[in-house]
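Chains as they are written, first to last, in the working numbering: chain A, 1 to 190; chain B, 1001 to 1294; chain C, 2001 to 2667. Using N, Cα and C, we set each Cβ at its ideal position, and we do this for glycine too.
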Amino acid sequence: MNTHKLKQKAIDKDFLDEIAHLPGGERIIDCFQCGTCSGSCPTAHVMDHTPRRLFAMVKAGFREDVLNSNTYWYCTSCYICTVRCPRQIKITDVMYALKRIALKERYVRRKNAAGAFYSSFVDIVERDGRSFEPELMVRFMLKTDPTLLLKNAVLGLKLMKHGRLPIRRNRIKARNELRAIIRKAKSESL
Amino acid sequence: MATKQSYIYYPGCSAEATGKPYEISARAVCEHLDIELKELADWNCCGATAYLSVEDIASMAVAARNLAIAESTGLDLITPCSACYITLSKVDHYFEDYPDIRTKINNALSAAGLEYKGGVNVRHLLYVFSEDIGMERLSGMVRADLSLRVAPYYGCQVVRPFTERDSPDVPFAMDEIISALGGDVVDYPLKTKCCSGALIGIDEKTALGLAKPLIECAVRSGADCIVTCCPLCQLNLDAYQYKINKVYGTNYHIPVLFFTQLIGLAFGIDEGRLGLNMNIVPYRPAARAKGASG
Amino acid sequence: MSERIGVYVCHCGTNIAGKVDIDEVVEFAKGLDDVTLVREYKFMCSDPGQSLIQKDIEDGLINRVVVASCSPLMHEKTFRNVCTRGGLNEYLFTMANIREQCSWVHVDVERTTDKAKDLIEAAVRRTRLQEPLTKREVPINPRTLVIGGGIAGIQAALDLADAGKNVVLVEKEPSIGGHMAKFDKTFPTLDCSACILTPKMVSVGQHENIELMSWSEVEDVGGYVGNFNVTVRKKARYVDVDLCNGCGACWEKCPGTRVPRKGNVHEKLSLGPVTSIFIPFMQAVPAIPVIDAETCIRFKNGKCGICAEVCERNAIKYDMEDELVEFEVGNIILATGFQPFDPAQIGNYGYGIFDNVLTAVEFEIMNCASGNTGGNILMADGTEPKSIGIVHCVGSRDKNYNEYCSRVCCMYALKYAHLIKEKIDAEVYDFYIDMRCFGKGYEEFYDRLLGEDVRFVRGKVAEVTEVHLEEAERGKLVVKVEDTLVGSIRRIPLDMVVLCTGLEAHETLPAVANLCNVSIGKDGFVIEKHPKLGPVATATDGVFIAGACQSPKDIPDTVAQASAASSAVLSMITREKIEIESATAEVNEDKCSGCKICNTLCPYLAIKYDEEKGVSVVNEALCKGCGTCVAGCPSNAISAKHFQNNQILAEIEGILRSSSGQAGILA
Chain A
1 MNTHKLKQKA IDKDFLDEIA HLPGGERIID CFQCGTCSGS CPTAHVMDHT PRRLFAMVKA
61 GFREDVLNSN TYWYCTSCYI CTVRCPRQIK ITDVMYALKR IALKERYVRR KNAAGAFYSS
121 FVDIVERDGR SFEPELMVRF MLKTDPTLLL KNAVLGLKLM KHGRLPIRRN RIKARNELRA
181 IIRKAKSESL
Chain B
1001 MATKQSYIYY PGCSAEATGK PYEISARAVC EHLDIELKEL ADWNCCGATA YLSVEDIASM
1061 AVAARNLAIA ESTGLDLITP CSACYITLSK VDHYFEDYPD IRTKINNALS AAGLEYKGGV
1121 NVRHLLYVFS EDIGMERLSG MVRADLSLRV APYYGCQVVR PFTERDSPDV PFAMDEIISA
1181 LGGDVVDYPL KTKCCSGALI GIDEKTALGL AKPLIECAVR SGADCIVTCC PLCQLNLDAY
1241 QYKINKVYGT NYHIPVLFFT QLIGLAFGID EGRLGLNMNI VPYRPAARAK GASG
Chain C
2001 MSERIGVYVC HCGTNIAGKV DIDEVVEFAK GLDDVTLVRE YKFMCSDPGQ SLIQKDIEDG
2061 LINRVVVASC SPLMHEKTFR NVCTRGGLNE YLFTMANIRE QCSWVHVDVE RTTDKAKDLI
2121 EAAVRRTRLQ EPLTKREVPI NPRTLVIGGG IAGIQAALDL ADAGKNVVLV EKEPSIGGHM
2181 AKFDKTFPTL DCSACILTPK MVSVGQHENI ELMSWSEVED VGGYVGNFNV TVRKKARYVD
2241 VDLCNGCGAC WEKCPGTRVP RKGNVHEKLS LGPVTSIFIP FMQAVPAIPV IDAETCIRFK
2301 NGKCGICAEV CERNAIKYDM EDELVEFEVG NIILATGFQP FDPAQIGNYG YGIFDNVLTA
2361 VEFEIMNCAS GNTGGNILMA DGTEPKSIGI VHCVGSRDKN YNEYCSRVCC MYALKYAHLI
2421 KEKIDAEVYD FYIDMRCFGK GYEEFYDRLL GEDVRFVRGK VAEVTEVHLE EAERGKLVVK
2481 VEDTLVGSIR RIPLDMVVLC TGLEAHETLP AVANLCNVSI GKDGFVIEKH PKLGPVATAT
2541 DGVFIAGACQ SPKDIPDTVA QASAASSAVL SMITREKIEI ESATAEVNED KCSGCKICNT
2601 LCPYLAIKYD EEKGVSVVNE ALCKGCGTCV AGCPSNAISA KHFQNNQILA EIEGILRSSS
2661 GQAGILA
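Here you go:
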């Protein structure tokens, strides 16, 4: 992304407030742009804005550019930034919050597969109460790039041969109760 | 004689699939130590990183259902999976820090007649060994000569951001365990660097770029094997090792063991009961000298 | 009883008037019992404001005063003086704090106004019952105790001694000099630290008015302003100060060592000998060695005695013991200084793991001509580094460690960059967050460095690692950092990394502060009397502060504060006498059962039991009016002047009566 072409006109002055009101986002206001997060981040090299810069953009109100960036999709939740941040900003939690907003507002681009991966995972858990890795991978690959199925066939066979890829899925007994919890929880969303 | 140590045990979904050797070896070793793992009744997926990326309260409520069920037992909740550990701990912390979220989660749980009061002590299996069982007892049970050079790989989520006592950068719990078992801990400065986690399923190229130095560094340090305490870390370094070789033109074949497998080996437990045949890069004690090349 | 109370309401500019409806408060006060007049003014503490009150007293309009303004800490003394000048006993005055506890902390005007009314009513009711008290005077002992012999303590001691006053300077190390004695050059002028400090150290050692107690620690402080009783522990030196002539034969032959062996050239980053009998550096004052009993072979197993054998003066005394010395002083100056932040806490910087990651103090010593590398910058293997990284803000500006800015690191970092460039042909990287160059000549120094081919990178270093990802990094320390001005992540291979560790209050400060009854803030430093107007005084009369025990400071600021502290002490001494609080406790002998509970409760040892009368008696000179005995007396026999039960109850009634009809004051 050309960093010089941020959408000046689309500045949303309430964006900082929006993020600061989400759990973990309270201290984003304290960011003094030291770059500890970016320097620590294992995936910063593939992000189109470093975490530090993304936070500057949040503070300045570049809502659309922030949500269109790939930065937070590349967060692997390793929490290295969170424990090192000298301002004690819960950076990883902010990345989660951005993912949620982006998914709700359909900022997810096709080429960015993280959203599809997460949704596939959630669909399975909401149905069965447990994750089922073989189905998750197949679903995800079909959704994003079916040639992946072929590319990962060897891996699948290796895992299966070693007894690490079950064929039958596991389901919890209290599926109805779990769904009731989820239904109610969704009505309580932040 | 001391009363039998009992814990509520939360295996996590990977225990039934890619993390099966971990599950098998953890149970075998605990049985050997006369530690009771009571599996949490009808537990559900913790939600991992994925659910929290999609839903806020729903993901926390789903995780909290496990805590609500565990609470009545009054026992520590133990999980071998670092992702489950962090997800469940996180809900616990949010519960403390945000009264608003606490109320919302309990409103949701009430739909299934449940309530969580916030009293469950969520712990990682690694620290049950390092703190509750202790080095003395572990070394006293050693029956086989390990004399292995081991790279201790913690991964991230077991030490960050909720660490039981270790440093988030230079933890030592697993180092101590390896030493107590008679293994040689090699200098492994990348011990808490990210293996790429779930990114491996999403952007394999980037993810392998994260995993490769972890293998490279272990091999360079002269390790015979890598030992880890997270099912996803093990999967990424073990099952994807052939892909790293393919992409980078390397020839690594270093075994990646779960720390419970290592303990089992030192205790002299039958290899079949430790799920060693499920490791993709084979662990062959006789061939270990050749393990490191690349 | 007909009292005539005057109530004076201060606007404090908009500080109070911005949140409190002054007119409404004035009207309210006029309606209170015994209030004969109410005035309001923009600044009551100003000259015209004070005159208003004084004139009303002199005109006989009032015989009791309530001023509703700021905190008593701020101006109680001011208004008490007004009363005295007008001819009214100052204990017939009360202050209602409607600023700090009211207008500054509330938002809603209506409720803030109500609270101001409540506070005023409470003050009026209390004032009505107050009794005149007589001021007491005590003499001031002209001798001063200075705790800490760094540059702050040295400067303060010399100032006082040069004015002809006696000083006892207590230093816990074997020599005075503190951190400054370890430095080579000082920023921004680059003058030699030893050249400017050593003469001062020598003066201290020779000054007829200074009694220097090195290798000593303050053990106890009793008494009060003007009359402190001090106990100092003179630690056993195992060397007779009177016999030793500092020839050095002992440490040259000593087989023991105080520093752990590292087996490389960084092993002895120390200025003085590293033996068990040692002086900390060659210019030590006094130049008398000390035996470190922890590492001395003689003390460990009795199998040595070399130092005693080689000492021609027979000055070594293995049987020496700690000695307790008691003396009296009138004032105390705390100058305990700082200690550097320990960077081993930050695992990702690799200190203690990588040989060539050094702290600032280690790098200072390495640069010091009298250090063991002779001022040469060397890596652990003895070779010269080709590239050095300087990392700012290590343990400072970091909520995980210390939140504050340590104030000196930017400047000493620039100094390092300059020294490196001057001494060797190395590439220098300087990693900073914000370059803070605020002092005289500081910005100019930064400007100079910008022209010295230093590579400045704006970004806090994320980690230092030895793991190489490419060939150029092999065998190097790699610094991972975001160059925030470029917006890119960089891995910079370097030979050496210097951590600019921040300043923390010295670990001995809490204990010393406790002895002297001064408070420590959440940053670990002493809380001064007022951050702007009372920077060298503390809330305890007669206890002053100088240097880094108050906050991180550079040398110029430390010296300035030390001179300010000694000047404040001089102004006390010159007065010869000081008025002390009249609000002491008194025992009602008819009620006292003689149980002696109060004798042990009193923190100032001011209550003694009178055997003849069978009752306890308060020594007014020692009593601080703290009230502990009042609360502790089972027979209700002790009362505190100016804090009588009826006065306090009246005050509470005033608050609870609540003008607004609801309980407005909760805190």
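With distances taken from CA atoms, which of A:Phe-117, A:Gly-156, A:Arg-164 is nearest B:Gly-1275? Minimum Cα distance to B:Gly-1275 is reached at A:Arg-164.
Strictly under 7 Å for the Cβ-Cβ distance: is C:Val-2467 near chain B by that measure? Cβ-Cβ to chain B under 7 Å: yes for C:Val-2467.
Three-state class that DSSP yields for C:Glu-2211 in the structure shown: In this structure, C:Glu-2211 counts as strand in the three-state DSSP scheme.
By the criterion of Cβ-Cβ separation under 7 Å, what are the contact partners of C:Ala-2347 in chain B? Residue 2347 of chain C is actually Gly in this sequence, not Ala. Simply Ser-1167, Asp-1169, Val-1170.
Best match in C:Ile-2652, C:Gln-2644, C:Ile-2648 for proximity to C:Leu-2133 [C-alpha to C-alpha]: C:Leu-2133 has its Cα closest to that of C:Gln-2644, out of C:Ile-2652, C:Gln-2644, C:Ile-2648.
Where the beta strand (DSSP E) containing C:Ser-2639 begins and where it ends: C:Ser-2639 -> beta strand (DSSP E) spans 2638 to 2640.
Mind checking who C:Ile-2291 pairs with in its DSSP beta bridge? Paired residues: C:Ile-2277.
Given that C:Ile-2648 touches chain A, what residues does it touch there, using C-beta distances under 7 Å? Neighbours of C:Ile-2648 on chain A: none; closest Cβ ~42 Å, over 7 Å.
Chain A contact for C:Glu-2482 (CB, 7 Å cutoff): By this cut-off, C:Glu-2482 is an interface position.
Please report the distance separating the alpha-carbon of A:Thr-144 from that of A:Tyr-107. Each residue's Cα considered, the two are about 16 Å apart.
In whole angstroms, what is the alpha-carbon distance linking C:Met-2180 and C:Gly-2534? Their Cα atoms are separated by approximately 26 Å.
Given this structure, state the Cα-to-Cα distance separating C:Ser-2635 from C:Cys-2602, to the nearest angstrom. A straight line joining the alpha-carbon of C:Ser-2635 with that of C:Cys-2602 spans about 16 Å.
Under a three-way DSSP split, which group does C:His-2011 fall into? When DSSP states are grouped into helix, strand and coil, C:His-2011 belongs to the coil group.
If contact means a Cβ-Cβ distance below 8 Å, which residues of the stretch 1184 to 1214 of chain B contact chain C? So the list reads Pro-1189, Leu-1190, Pro-1213, given in the order they occur along the chain.
Residues of the stretch 2387 to 2421 of chain C in Cβ contact with chain A at a cutoff of 7 Å, in chain order, please. Residues Arg-2397, Asp-2398, Lys-2399, Asn-2400.
For A:Arg-52, the three-state DSSP class (helix, strand or coil): In the three-state reduction of the DSSP assignment, A:Arg-52 falls in the helix class.
Per DSSP, cross-strand counterpart(s) of C:Gly-2389: Answer is C:Tyr-2429, C:Val-2497, bridged to C:Gly-2389.
Give me the residue from A:Ser-189, A:Met-160, A:Ile-172 with the minimum Cα distance to B:Ala-1239. Comparing Cα positions, the closest option is A:Met-160.
Just to confirm the assignment, what range does the alpha helix (DSSP H) spanning B:Ala-1295 have? Outside the displayed span of chain B (1001 to 1294) sits residue 1295 of chain B, for which this structure offers no information.
What do you reckon, are the CB atoms on B:Lys-1090 and A:Glu-188 nearer than 7 Å? Against a cut-off of 7 Å, the Cβ pair of A:Glu-188 and B:Lys-1090 comes out as no contact.
Run through DSSP, which three-state label would B:Ala-1292 get? Because B:Ala-1292 sits at a pLDDT of 40, beneath the cut-off of 50, its placement in the model cannot be relied upon, and the point is left open.
Neighbour list for C:Ile-2492 in chain A, Cβ cutoff strictly below 9 Å: Result: empty, since nearest Cβ-Cβ is about 11 Å, beyond 9 Å.
Would you say C:Gly-2086 and C:Glu-2058 are within 7 Å of each other, going by their C-beta atoms? It is a contact, given that the beta carbons lie within the stated cut-off.
In the DSSP assignment, what are the bridge partners of C:Ala-2537? Partner residues in the beta bridge of C:Ala-2537, as assigned by DSSP, are C:Phe-2544.
Just list the alpha helix (DSSP H) runs in the stretch 2290 to 2336 of chain C, keeping only unbroken ones of 4 residues or longer that don't cross its boundaries, in chain order. For the stretch 2290 to 2336 of chain C, whole alpha helix (DSSP H) runs of length 4 or above, ordered along the chain, are 2297 to 2301, 2306 to 2310.
Exposed or buried, C:Val-2259, counting other C-beta atoms within 10 Å across all chains shown (16 or more means buried)? Exposed, since its Cβ has fewer than 16 Cβ neighbours within 10 Å.
Is C:Glu-2668 helix, strand or coil when you go by DSSP? One cannot answer for residue 2668 of chain C here, as it falls past the ends of chain C, which runs 2001 to 2667.
Hey, out of C:Cys-2304, C:Ala-2249, C:Asn-2367, whose CA is closest to C:Ala-2315's CA? Of all alpha-carbon atoms in C:Cys-2304, C:Ala-2249, C:Asn-2367, the one lying nearest the alpha-carbon of C:Ala-2315 is that of C:Ala-2249.
Which runs of the beta strand (DSSP E) spanning at least 3 residues fall entirely within the stretch 2119 to 2191 of chain C, listed in chain order? For the stretch 2119 to 2191 of chain C, whole beta strand (DSSP E) runs of length 3 or above, ordered along the chain, are 2136 to 2139, 2144 to 2147, 2167 to 2170.
Selection from C:His-2642, C:Val-2457, C:Glu-2611 that minimises the alpha carbon distance to C:Leu-2485: When each option's Cα is compared against that of C:Leu-2485, the closest is C:Val-2457.
Check for me: the beta strand (DSSP E) holding A:Lys-196 runs from which residue to which? As shown, chain A starts at 1 and ends at 190. That puts residue 196 of chain A outside it, with no answer to give.
Proximal residues, the stretch 1069 to 1095 of chain B versus chain C, C-beta separation under 7 Å: Listed in sequence order: no entries.
Over the uninterrupted beta strand (DSSP E) stretch that includes B:Cys-1225, give me the two end residues. Per DSSP, B:Cys-1225 belongs to the beta strand (DSSP E) from 1225 to 1228.
Within 10 Å of its beta-carbon, does B:Asn-1236 have 16 or more other beta-carbons around it, so buried, or fewer, so exposed? Buried, by the Cβ-count rule.
Could you tell me which chain C residues have their CB closer than 9 Å to the CB of A:Thr-50, listed as they occur along the chain? By Cβ distance, chain C contributes Glu-2482, Thr-2484, Gly-2487, Ser-2488, Ile-2489.
Cβ-based burial, C:Glu-2362 [other Cβ within 10 Å; buried from 16]: Within a 10 Å sphere around the beta-carbon of C:Glu-2362 sit 16 or more other beta-carbons, which makes this residue buried.
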